[in-house]
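Each remark here refers to the structure printed beneath this line.
Numbering (the UniProt record's numbering), first residue to last: 1 to 187.
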């Protein structure tokens, strides 16, 4: 995915910052322009509507997540691959908590114009986790559901960590998430 720079990047960054404070509904294009330090016309030149702006922001974020999962899995299989993916996702969340919050808030909404595109990119990210599950447990017919559960647990667990226990290391949080997912809590 090509990197966005310049005015477009400033607009996306401003929109993300404002959405993390006010939500998407509470963020106006004028607010984005002011925060980005550009004319309102520049915002509309780069993004024809607020929906297009936030769609781009979410698609870029989940696309980056899919690439992070793909790279972290490279050359690994089974539990080692899953542990690497969980840690990489937590590092990504740590590096951009506002985006993680936005994704968590929007991923399950069905009333947004961008939902179809967002679900397509989400499936791409989950496919990386599904691959690991199917390598280890090809008999499981529910690999997609399991991948979604892992994705959700890491996303929400990562936000929980940064909001309430930021003193913990990525490794500690990764180990906690993996232990929770291991089934040993109910054994």
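Ideal Cβ placement from N, Cα and C applies to all residues, glycine included.
Presumed contact (8 Å Cβ cut-off) between residue 150 and residue 181, rounded CB distance:
6 Å
Beta-carbon within less than 7 Å of residue 135's beta-carbon, same chain only, minus the 5 sequence neighbours each way: which residues are those?
77 and 78
When the distance is taken between beta carbons, is residue 104 closer than 8 Å to residue 54?
no
Residue 87 in three-state terms, based on DSSP
helix
Please return the same chain residues whose Cβ sits closer than 6 Å to the Cβ of residue 109, not counting the five positions on each side in sequence.
none
To the nearest angstrom, how far is the alpha carbon of residue 30 from that of residue 67?
32 Å
Evaluate contact between the region 90–99 and the region 36–54, counting only Cβ atoms and requiring at least three cross-stretch pairs below 8 Å.
no
Where does residue 1 sit, in a helix, a strand or coil, going by DSSP?
Residue confidence for residue 1 is low, a pLDDT of 43 falling below 50, so the modelled location carries little weight; the figure read from the coordinates is stated next. Residue state, collapsed to three classes: coil.
Helix, strand or coil at residue 161 [DSSP, three-state]
helix
Pull up the distance between the alpha-carbon of residue 2 and that of residue 187, whole angstroms please.
Bear in mind that a pLDDT of 46 at residue 2, under 50, signals an unreliable position, so the model cannot answer this.
Would you say residue 179 lies against chain C (beta-carbon separation less than 8 Å)?
The chain labelled as chain C is not found in the depicted structure, where only one protein chain is given.
Pairwise C-alpha distance: residue 174 and residue 146:
17 Å
Between the alpha carbons of residue 120 and residue 28, how many angstroms are there, rounded?
26 Å
Using only the alpha-carbon positions, how far apart do residue 183 and residue 19 sit?
36 Å
Taking residue 32 and residue 177 to be in contact with their CB atoms under 8 Å, please state how far apart those CB atoms are, rounded to whole angstroms.
Contact flag wrong, Cβ pair sits at about 34 Å.
Distance, Cα to Cα, residue 163 vs residue 98?
11 Å
Rounded distance between the beta-carbons of residue 10 and residue 37, thought under 8 Å:
7 Å
Should residue 57 go down as buried or exposed, given a rule of 16 or more other Cβ atoms within 10 Å for buried?
buried
Cβ-Cβ separation, residue 100 to residue 155 (assumed contact under 8 Å), whole Å:
6 Å
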